[in-house]
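Using this note's numbering, the first residue of the sequence shown is number 54, and each one after it goes up by one.
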Amino acid sequence: METKGRFWIMPAVLCGRALEDSESCNEPHGYLELIPSAALGIGTEHFISVSPFWIDISRIRTWPKYCDEQHYGSCYNLNQWQTIEAPRFLVLIDVDRQCLTQVSKPVKYVALSYVWGRIPDVLESTLNNFSALQNARALELEPWASRMPSTLSWMSSIYANSYFTIIAADGNDANYGLPGIRKISSPRSYHQSILEFSQTCYLMQAPESETQFNMKEWHKRGWTFQERTLSNRNLVFFQGKVFWECCRSIWAEDIANSAPNKTTSPERSLQRKSDRYRFEFFRWPDLYQYSRLVSSYNNRLLSYPSDGLQAFSAVIDVMCRSFEGGFIHGIPKLYFDIGLLWRPNTPTKRRCAANVRDTVLPSWSWVGWEGNVVISCLKKSHILHWDGIVSEPPIEIYPMVTWSKTHKRTGEKHPINNSYHQFQRIRTDCSIPLQAGWSRVKPSNMPLDPLGFPHDFWVFRHDSIPEVEFIHPVPIPPRPLTPGREIWDGHLNFRTSRCFLFSGPLLDTVPQGVAWSNVSNDFVPKCLAFNLICDQGKWAGMIYSNFSHREDAMLGESCEIIIISGGKAHIDKNGEVKLWLQEWQCIDDLQDCKLYEFYNVLWIERDGDIALRKALGRVWKNAWDRQQVEEIDVILG
């Protein structure tokens with residue numbers, strides 16, 4: 054029993070399901086969570102009986118009011134780095150006059166996130182009828198949807214500046230509405246599961262949270278992801294119930310956190326916005342957050358595959374505020390080498406243009422593929438914050454290619470400022486001068502047993518955020534950066550080394566595991582990896598495949614392999630780094646290596662003069678040096 058008064062009936066066995074790379078889930082699932090009645094007097098938290106048909110609007114109204122009063126600086130009235138410029142012009146629905154209205158000054162408004170669906174004969178706002186729709190009662194009887202594209206560039210601002218956003222997670226189209234609002238909509242259907250243990254002991258099963266097992270169409274659609282992610286406060290309609298979600302709390306309509314006859318907070322303990330939708334306004338370029346958001350978004354579905362970048366563009370616009378140089382087709386320019394190291398977690402499929410006018414998304418970016426993806430080895434190669442455990446990243450990535458992008462209109466080539474490694478070098482080279490605002494200091498929480506740490510170990514602090522200790526400096530702009538428009542086509546130009554290898558047997562190191570796929574609408578086996586073999590039959594490297602069934606493996610297939618970056622890994626205290634570099638666990642030639650040096654490579658296929666990414670992999674440096682290697686110019690499309 055928790056001090057708040059909740060009960061959990063746990064299963065005896067932990068999940069053990071494989072997660073990203075070689076991690077596994079150590080949480081119990083399928084447990085029964087019970088909320089006591091107020092009469093038990095166990096704690097402040099208790100359940101409230103609610104109508105199965107109608108929502109108590111008076112209770113819902115208290116949530117934004119309490120958030121206004123108690124969450125100052127967290128959910129609203131934010132600092133410069135958390136504030137996004139308000140839209141300069143908005144078209145809103147005036148719900149009293151039942152018509153559209155134009156505003157060009159800051160106003161309090163509520164945004165809406167829902168599934169459009171395919172509704173016939175829907176009234177659309179167009180340039181031709183826009184004036185008429187501003188007349189009172191113009192929307193009184195007609196189902197309405199906006200198809201005007203002018204707000205797309207302001208998507209991040211619209212949702213970030215809303216008073217809150219209504220998430221209509223139930224229903225497959227706009228006609229479903231928001232059931233349960235008396236005198237406005239149809240009744241809802243919500244059943245509270247209340248268990249009677251005695252005449253005085255009642256417990257309610259906690260409301261079911263959003264998981265892969267109960268996802269609605271809203272959770273699978275691509276466009277709805279950024280709407281919820283960028284809204285600081287959401288009122289969520291899900292499975293007939295409604296709950297409040299903000300940066301500090303989650304409140305449910307049938308759970309109270311106040312003792313009887315006392316006025317206290319409605320907050321639930323240790324609850325806040327789900328990691329899946331959580332966005333933090335870091336002042337530094339945080340690749341972990343980028344990777345998490347990409348993985349959450351890219352598993353969603355789009356009616357038009359060519360929208361793969363646009364449906365995530367609002368999130369990218371906000372991340373551009375701290376990523377020097379911005380993004381190109383969803384990949385951060387500052388960390389371009391690392392951004393290219395994405396791989397399919399479950400089988401993905403190409404996002405192809407529906408017609409010749411649609412944008413063709415590049416094969417080298419995750420935006421060109423639909424499905425569950427992860428960035429390989431990120432947790433071990435991109436360690437920014439000093440956590441009192443590691444003194445250096447076990448895996449280091451470094452550049453080997455000079456990348457060029459191509460201007461859409463002029464065709465001119467411009468270098469990509471892939472400069473992450475210049476900052477990493479400062480960690481070990483004290484001769485490199487620090488940029489203004491940075492200082493090299495001793496860590497504030499050095500471990501009691503500093504075994505394995507160099508005696509001259511330092512961390513880095515920036516004047517603007519002295520509470521954060523970094524392993525090495527990173528670019529921190531003095532004020533939020535302004536995102537640039539995407540003016541580059543989908544081709545990369547570069548010169549690199551190439552060799553030909555052959556696909557070998559599968560790389561069997563860890564249990565295959567499963568992961569959720571919206572494409573399949575089910576848990577599916579994760580993608581398999583296979584070995585790369587040279588023409589002498591010796592092991593050379595590995596490839597992350599885009600298939601999950603062993604019968605799809607093709608032994609002896611010739612693979613055109615090109616280098617995209619270099620890497621090296623030091624054996625760590627517990628040998629944990631080997632779990633992230635699967636080949637290090639099972640290849641005999643690598644077993645005695647204290648330092649594993651490799652090249653990050655792409656297996657490419659050809660479409661005329663254009664190379665297309667087929668898969669990501671690694672080749673052992675020693676093995677590469679034994680091959681017949683040539684320098685080639687590549688156009689990667």
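Glycine included, C-beta positions come from ideal geometry on N, C-alpha and C.
For CYS483, there is no enclosing beta strand (DSSP E), since its DSSP letter is neither H nor E.
Under the three-state reduction of DSSP, ASN675 is assigned to helix. Fully contained in the stretch 364-446 are the following beta strand (DSSP E) runs of length 3 or more, in chain order: 395-397 and 426-428. A check of alpha carbon separations from PRO558 across ILE640, GLU177, LEU153 and LEU387 identifies ILE640 as the nearest.
Per DSSP, the continuous beta strand (DSSP E) segment holding HIS544 begins and ends at 541-559.
As DSSP reads the structure, ILE237 sits in no beta bridge.
Contact annotation: the stretch 669-685 touches the stretch 583-602, with at least three C-beta pairs closer than 8 Å. Counting C-beta pairs closer than 8 Å gives fewer than three between the stretch 394-402 and the stretch 546-558, which falls short of the contact rule. Counting the other Cβ atoms within 10 Å of the Cβ of GLN363 gives 16 or more, which makes it buried. For VAL347, the uninterrupted alpha helix (DSSP H) segment begins and ends at 340-351.
Looking at ILE172, LYS294 and SER102, the one whose alpha-carbon comes closest to that of ASP223 is LYS294. Each residue's CA atom was taken as its position, placing ILE479 and LEU437 some 13 Å apart. When DSSP states are grouped into helix, strand and coil, TRP169 belongs to the coil group. Closest option to ILE384, judged by alpha-carbon separation, among VAL347, TYR357 and ARG353: VAL347.
Bounds of the beta strand (DSSP E) holding ASP147 are 143-147.
Secondary structure of THR115 (DSSP, three-state): helix.
In the DSSP annotation of this structure, the continuous segment of the beta strand (DSSP E) that includes ALA305 starts and ends at 303-305. The bridge partners DSSP lists for TRP297 are LEU288 and TRP304. Per DSSP, GLU658 lies in no alpha helix (DSSP H); the unbroken beta strand (DSSP E) holding it starts and ends at 648-660.
Look at GLY275 here: in three-state DSSP terms it is coil, with no helix or strand label. Taking C-beta atoms under 8 Å as the contact rule, ARG286 and PRO117 qualify, at a distance of about 7 Å.
Boundaries of the beta strand (DSSP E) harbouring GLU684: 683-689, taken from the DSSP string.
For LEU585, the uninterrupted beta strand (DSSP E) run begins and ends at 582-586, by DSSP.
Secondary-structure assignment with DSSP links PRO452 through a beta bridge to SER618. In the DSSP assignment, THR459 forms a beta bridge with LYS466. It is roughly 34 Å from the alpha-carbon of SER239 to the alpha-carbon of ASN351.
Exclusion of the five residues before and after ARG603 leaves LEU559 and LEU581 as the residues of its chain whose Cβ lies within less than 8 Å of its Cβ. By the Cβ criterion, the stretch 334-342 is in contact with the stretch 368-380, since at least three pairs of Cβ atoms, one from each stretch, lie closer than 8 Å. VAL168 places its beta carbon less than 8 Å from that of ASP226.
Looking from the CA of LYS432, the closest CA among PRO260, VAL420, ASN425 and ILE448 belongs to ILE448. Put simply, the backbone Cα of GLN681 is about 25 Å away from that of ALA606.
The beta carbons of VAL454 and ILE616 sit closer together than 8 Å.
The residue among ARG301, LEU634, VAL160 and GLU263 with its C-alpha nearest the C-alpha of GLN292 is GLU263.
C-alpha of PHE583 to C-alpha of ALA367: approximately 37 Å in a straight line. Under the 10 Å beta carbon count, ASP482 is surrounded by fewer than 16 other beta carbons and is classified as exposed.
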